[in-house]
Amino acid sequence: MTSDDQEKHHHHHRLQNSSDENSILHSYKTRQRMNISSIVTKDENDKSLIHYKRLNSIEQIRNLYSTIKEETYRIQLGISCSM
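Take the sequence shown: its position 30, counting from 1, is numbered 30 in the UniProt record's numbering, and each next residue is one higher.
Here it is as structure tokens:
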């Protein structure tokens, strides 16, 4: 392939890629604008989000329990060491 042939080949691919990009841009639709209250309302009914919040709450309770348990153990250990 000569350098002219290579250049024509590359130019053809650039044009093809450019037209692909243009068609993608023309077919893109922007999302509907939403206000915060409508998003929050939708979130209230989102099953996956409800499940996530429950799991997150359970994890927070476990972390709190672990922290209390560790603190209690340290206090008990401190009392028994000081006696």
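For glycine and all other residues, C-beta sits at the position ideal for the given N, C-alpha and C.
I'd like the list of long-range same chain contacts for residue i, defined as Cβ closer than 6 Å, with 5 residues on each side in sequence excluded.
i, result
"N56", "none"
Short of 7 Å in beta carbon distance, which residues of its chain neighbour residue i, apart from the five on each side in sequence? Order them along the chain.
i, result
"M49", "Before going further, note that residue 49 is Leu rather than Met in the sequence given. Closer than 7 Å at the Cβ level, and outside the excluded window around L49, lie D43."
Can you check the region 23-56 for any alpha helix (DSSP H) of at least 4 residues that lies completely inside it and give the ranges in chain order? 36-44
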